[in-house]
Each structure stands twice: as C-alpha cells, then as structure tokens.
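The numbering of the sequence shown is our numbering, which starts it at 400 and goes up by one. By construction, the Cβ of each residue, glycine as well, lies at the ideal position given by its N, Cα and C atoms. All of these numbers come straight from a predicted model, not from anything done at the bench. Remarks on the structure that follows.
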Amino acid sequence: MRKAIVALALLLALPAAAQSPVLTVKESPRWGSFQISLSPFSPNIDGEFTNAAAPPYATIFGTGRPLMVQGQFNKSVWITEFGTLDVGLGVGFWEAWGQGSYTNPDGIVLRGGTTSFMIIPLQAQVGYRWEWFYERWSVPLEPYARFAIVDYIWSTSGQSGVSSWTGADGVAYRGSGATFGWAGTLGIAIVLDAFDTGLSRQMDYDVGINRTLLFFDFTRSSVNDFGSSKSWQLGPSYWAWSAGLQFVF
400 MRKAIVALAL LLALPAAAQS PVLTVKESPR WGSFQISLSP FSPNIDGEFT
450 NAAAPPYATI FGTGRPLMVQ GQFNKSVWIT EFGTLDVGLG VGFWEAWGQG
500 SYTNPDGIVL RGGTTSFMII PLQAQVGYRW EWFYERWSVP LEPYARFAIV
550 DYIWSTSGQS GVSSWTGADG VAYRGSGATF GWAGTLGIAI VLDAFDTGLS
600 RQMDYDVGIN RTLLFFDFTR SSVNDFGSSK SWQLGPSYWA WSAGLQFVF
C-alpha cells in the first residue's frame, strides 16, 4: 500500500516538473552584444573662432549640450577567460535648435528664424572588455576600451528645409555633408547579473541574454577629416561621458 501511494505521488508531480524547466549554471553560447547609450554633446565648431566676438555655433545654438543617443551592435570574435574582443558598428542621432543671425552691411546683427543642426554619427569599432574580475573573483566590474573610425553625417536646416547659400565666388553651397574622424573610449561596466543570479539564468534560458551591464565611459574624439585644413571640428573639445546598458547574448 505504501509503494502505491509513493507511485501516485510521483505521477502527480510529473506535470508540474514538465512545466518548470531546469536551469543550468552554464550559460548559453555567446555571440555578441547590443548596447544603447546617452551622452551630452556639443561640437567644437567654435574652436577656430577663439578670438571672435560672436562665435558662430554659440551665437546660434548657445552653449548647452543636447543629448546624443547611440546604439551599437557587436560581434565577439575572440572570447577567453580574461576578456572578450568585439568588432561592430554603431549609429546615433543628435540635434540642436537655435535662431539664425545675419550681419547687415551696417554691422548690425539681426536675428532670423528657427534653425537646426543635426548629426547622425556612424562608426566602426573594435573593443576589448576585461572580464577577469567577474569570471575569476565574481567581482561585478568589467573595464573596457574601444577605438572607432567615425563618420558624422550632418545637415543644417531652416524654415525652408536644408540650408543653402551662394558664396562670394558665385558658387552655390548646401548645408549638409559628412565628416570623418576617430574616437577612443575608456570605461567600466557593472555586471547586474551578480545582484540576482536566478533572474540572470532565467533570462539566459528564455531569451539568450548571457549578461546585462550598466556602463559609464569617457570618449575623446577628433572629427575633422583627420586634420584637413578644409574641414571643421565636429568632435567635442572635452572627454565626453556617456552611460547606458549593454546586453551580451
């Protein structure tokens, strides 16, 4: 009789066991990562107008730093117990709004209509995340470094669309273009999985996310067609900070 009761109990437990998958400690195979970030941004266009009474960018758009949003998609090409080497692509968006100005022949500055300056930053990057602290000692910190070749696609516009003007040489110019450069980044990420390992394993089982990182970094860049005398500087004059989330899968 006792054996029959035990067998019945096991049969009743089977459906519940079938609905609750067994989560293993070993994470799923890693392929790459995706991240999104926010950063205050202001181009250093006025860098060549240091002695000007009314530098063009600050006069029109002010001295604020509107937020730039960026997304990056990376492929992990080398994974070791010490860290991961990634290569990837990124794209972002930034826009500043201001009021146009015009200096008439009498030297009087007149304010015009609303104008905007938009940048779509593209980049191809290679980066390394040092994961040894977390893998070896379970310390939830991952320092990283990244280098990128960037292309800032930009345009200026007013009430009639993209800006255009005719220069003193009689040539018509259009307020849009693309400027190339480079960017170097140093940062550190906090491994959020360390604070709830059960949830981390469940996310890996359900959607394949191995690790979730909260990161903070600083980037130094130069976006002036690699020093061309015919270009302007769209990179900031400072180490620009950014913060965001990265999902490793």
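Assumed close pair residue i, residue j - CB separation to whole angstroms, cut-off 8 Å
{"i": "I444", "j": "S500", "result": "Incorrect: roughly 15 Å between the Cβ atoms, too far for contact."}
{"i": "I552", "j": "I519", "result": "4 Å"}
{"i": "Q498", "j": "T479", "result": "Not confirmed; about 54 Å, so no contact."}
{"i": "F646", "j": "T596", "result": "So it is not a contact: roughly 17 Å between Cβ atoms."}
Cβ neighbours of residue i in the same chain (closer than 6 Å, five flanking residues each side left out)
{"i": "D550", "result": "L521, A577 and F579"}
{"i": "T618", "result": "A582, T584 and A639"}
{"i": "Q471", "result": "Q434, G487 and G489"}
{"i": "W496", "result": "S515"}
{"i": "M467", "result": "S438, F440, G491 and W493"}
{"i": "G426", "result": "Strictly speaking, residue 426 in this sequence is Glu, with Gly absent from that position. D603 and N609, listed in sequence order."}
Neighbourhood of residue i by C-beta, 8 Å cutoff - its chain only, sequence neighbours within 5 removed
{"i": "Q632", "result": "P442, N443, I444, G446, E447, S621, V622 and N623"}
{"i": "P455", "result": "I444, D445 and F448"}
{"i": "R528", "result": "G482, T483, D485, E541, P542, Y543 and A588"}
{"i": "G512", "result": "Q498, G499, G557 and Q558"}
{"i": "A452", "result": "none"}
{"i": "K474", "result": "W430, G431, D485, V486 and G487"}
Under the three-state DSSP convention, the category residue i falls into
{"i": "G463", "result": "coil"}
{"i": "Q601", "result": "helix"}
{"i": "V538", "result": "coil"}
{"i": "T596", "result": "helix"}
{"i": "T449", "result": "coil"}
{"i": "W531", "result": "helix"}
{"i": "P442", "result": "coil"}
{"i": "P520", "result": "strand"}
{"i": "T479", "result": "coil"}
Where the beta strand (DSSP E) containing residue i begins and where it ends
{"i": "L437", "result": "G431 to P439"}
{"i": "W640", "result": "A639 to V647"}
{"i": "D616", "result": "R610 to S621"}
{"i": "A588", "result": "S575 to V590"}
Short Cβ contact (8 Å threshold) for residue i with residue j
{"i": "M517", "j": "E494", "result": "yes"}
{"i": "F615", "j": "G586", "result": "yes"}
{"i": "P635", "j": "F492", "result": "no"}
{"i": "G607", "j": "F648", "result": "yes"}
Sequence-distant residues of its chain with Cβ nearer than 7 Å to residue i (five each side left out)
{"i": "P539", "result": "Y533, I589, V590 and A593"}
{"i": "S436", "result": "Q469, S641, A642 and G643"}
{"i": "L613", "result": "A588, I589, L591 and L644"}
{"i": "M602", "result": "I608"}
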